[in-house]
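As structure tokens, the structure follows; a few thoughts come after it.
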Amino acid sequence: MGTSGRKTVRDLRRGNRAMLLRALYFGGPASRNELSAQTGLSAATVSTMTGDLLADNVIVEAGQVDSDGGRPRVLLKVNPAYGYAVGVDVGETQVKVELFDLEMNVRARAHYAVRSAKHDPELVARHILTGVDAVIAEGEVPAGQVLGVGVGVPGIVEPGPEGLVRAKTFGWEAVPLGALLRAGTSLPLVLDNGAKTMGQAELWFGSGRGTRDAIILLVGSGVGGTIVTDGRIYRGAGMAAGEVGHLKVVAGGRACRCGARGCLEAYLGAEAMLERAGVEADSADEEAALARLLEEGSPVIGESVEILGVGLSSLVHLFNPERIVIGGWAGLMLGGRLLDGIRAATAANTQAQPFQPDSVVLGRLGPDAVALGAATLVIEPFFGDAALPSPVSTIA
0 MGTSGRKTVR DLRRGNRAML LRALYFGGPA SRNELSAQTG LSAATVSTMT GDLLADNVIV
60 EAGQVDSDGG RPRVLLKVNP AYGYAVGVDV GETQVKVELF DLEMNVRARA HYAVRSAKHD
120 PELVARHILT GVDAVIAEGE VPAGQVLGVG VGVPGIVEPG PEGLVRAKTF GWEAVPLGAL
180 LRAGTSLPLV LDNGAKTMGQ AELWFGSGRG TRDAIILLVG SGVGGTIVTD GRIYRGAGMA
240 AGEVGHLKVV AGGRACRCGA RGCLEAYLGA EAMLERAGVE ADSADEEAAL ARLLEEGSPV
300 IGESVEILGV GLSSLVHLFN PERIVIGGWA GLMLGGRLLD GIRAATAANT QAQPFQPDSV
360 VLGRLGPDAV ALGAATLVIE PFFGDAALPS PVSTIA
């Protein structure tokens, strides 16, 4: 009789440890009694495992609370200084590198401008590596406590040791970004699409938290997205699911940066909105230029809201999400002023039964969401068996 499906004692301990860490990390400080109730583990198991975690400095005491008629209960939490993660956002105009502790507080930042329309891969890799060294030094963190480097980048990231990136907007076709970075650092590396790292950040800490089925939209210079089904990021057969910017919203419409016509990104991305309004702006000036369009009440903005409603309607009919989160700097700018209009435009194009207008919300994490989400990619192994799905490309 085979035993390959049976769990060993070591497997059970690892799973129990992961459950406790997840409960403390996502639920905040808790007493041993509360941990037992939340995880279903026995009081004895919780006592033993928290004792081990305290001895290893993985968790620490976080004060006390009174109990009914007994001794005060000691609260426990994950030790924020146990480890650190570097998150990288490779964007249209800059490479942003940030160092986070385990409470996801930013300990140090470094920014490097990228102004070329076709981002040179070697230059991007140098910016990332320089930034990693800079934030670790500024944060005064021992290199041995850095869990790794997560990188969010536009385009499709293929699994494998090379970390191949296909990003048409950058002019990248199978660029081995992972290999370029591995040549300059010994830290663990994880690469993923930037819209998906933002999506994971919103799923863990932001407006997507607590949802099982969600669409998380990133609107910046272009448009990307994350599809969450049954609590997991859906990637598709070729790891390209979530490219919602290339949904067709106008047959034979405007040319998109991807080379096709009529894409959502050809109308809704900040670059496209400015072009449609006849505004010439360098990529570094897009934010200020879009803000002026909003202030002026440009007709292009109203048209963009209607087109966004059409795109979101298609996603509602395809996936029936319980929540749609709009993020990215341009998405937050647009939604911050016109969320009611976006909800109305979506509702006008959607069957009433599967859609509730108030399910469309804004992201909570602001412009750092991509880097924050990238940092979570290297924190996932910290939770062992209870982690969320693994990222697409790991270059150990």
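Mapping the sequence shown onto numbering that gives the first Met the number 0, position 103 (from 1) lands on 102, and the numbers just tick up by one. Beta carbons: idealized from backbone N, C-alpha and C, even for Gly. All values derive from a computational prediction rather than experimental measurement.
DSSP three-state call for residue i: helix, strand or coil?
i      : result
Asp10  : helix
Ala166 : strand
Gln199 : helix
Phe381 : helix
Glu121 : helix
Thr2   : Here Thr2 scores only 47 on pLDDT, less than 50, and its place in the model should not be relied on; the value that follows carries that caveat. Of the three classes helix, strand and coil, the one that applies to Thr2 here is coil, per DSSP.
Arg108 : strand
Val346 : Val is not the amino acid found at residue 346; the sequence shown has Ala there. Looking at Ala346 - three-state DSSP - the assignment turns out to be helix.
Gly149 : strand
Leu98  : strand
Leu216 : strand
Ala370 : helix
Do you know how far the Cα of residue j is from the Cα of residue i?
i      : j      : result
Gly310 : Leu376 : 29 Å
Ala374 : Ile323 : 23 Å
Glu274 : Leu98  : 36 Å
Gly365 : Lys6   : 42 Å
Gly397 : Ala166 : The question about residue 397 has no answer here: the residues shown for the chain are numbered 0 through 395.
Gln93  : Gly130 : 12 Å
Ala351 : Pro71  : 52 Å
Val359 : Ile58  : 37 Å
Ile135 : Asn78  : 19 Å
Ala112 : Ser66  : 54 Å
Leu19  : Asn104 : 21 Å
Ala17  : Leu292 : 49 Å
Ala329 : Ala288 : 11 Å
Ser46  : Gly193 : 40 Å
Thr349 : Gly308 : 9 Å
Could you check whether residue j and residue i sit closer than 8 Å to each other, using their CB atoms as the reference points?
i      : j      : result
Gly151 : Val89  : yes
Tyr83  : Gln37  : no
Gly147 : Val189 : yes
Lys195 : Thr228 : no
Ala61  : Leu53  : no
Val174 : Pro141 : no
Ala265 : Ala254 : yes
Gly223 : Gly251 : no
Glu279 : Ala269 : no
Ile325 : Leu216 : yes
Ala368 : Glu139 : no
Ser303 : Met272 : yes
Gly372 : Met197 : yes
Arg114 : Thr168 : no
Gly149 : Val64  : no
Between the Cα of residue i and the Cα atoms of the options, which residue gives the shortest distance?
i      : options                           : result
Val218 : Pro28, Pro79, Glu91 and Ser46     : Glu91
Glu295 : Ala29, Leu361, Pro353 and Ala276  : Ala276
His316 : Pro353, Leu216, Met18 and Arg9    : Pro353
Arg342 : Pro356, Asn348, Ala329 and Leu333 : Pro356
Ala236 : Val156, Ala254 and Ile214         : Val156
Arg125 : Glu264, Gly26, Ile214 and Lys95   : Lys95
Arg208 : Gly223, Leu216 and Gly230         : Gly230
Thr44  : Asn56, Arg12, Leu20 and Ser30     : Arg12
Thr345 : Tyr81, Glu305 and Ala287          : Glu305
Ala212 : Phe318, Gly308 and Glu161         : Here residue 212 turns out to be Asp, not Ala, going by the sequence shown. Nearest C-alpha to Asp212: Phe318.
Ala109 : Ile127, Arg336 and His118         : Ile127
Ala182 : Pro380, Glu172, Glu161 and Leu331 : Glu161
Trp171 : Pro187, Gly154 and Thr184         : Gly154
Within the 8 Å Cβ cut-off, does residue i reach chain C?
i      : result
Gly268 : Looking for chain C here will not work: only one protein chain is present.
Counting only runs that start and end within the stretch 223-291, where is the alpha helix (DSSP H) found for 4 or more residues in a row? 264-267 and 269-275
Ranges of the alpha helix (DSSP H) found wholly within the stretch 168-197, counting only runs of at least 4: 176-181
Which parts of the stretch 292-327 are runs of the beta strand (DSSP E), unbroken and 3 residues or longer, counting only runs that do not cross its ends? 322-326
Starting from the N-terminal side, write out each stretch of the beta strand (DSSP E) that is 3 residues or longer and does not extend beyond the stretch 27-69. 58-64
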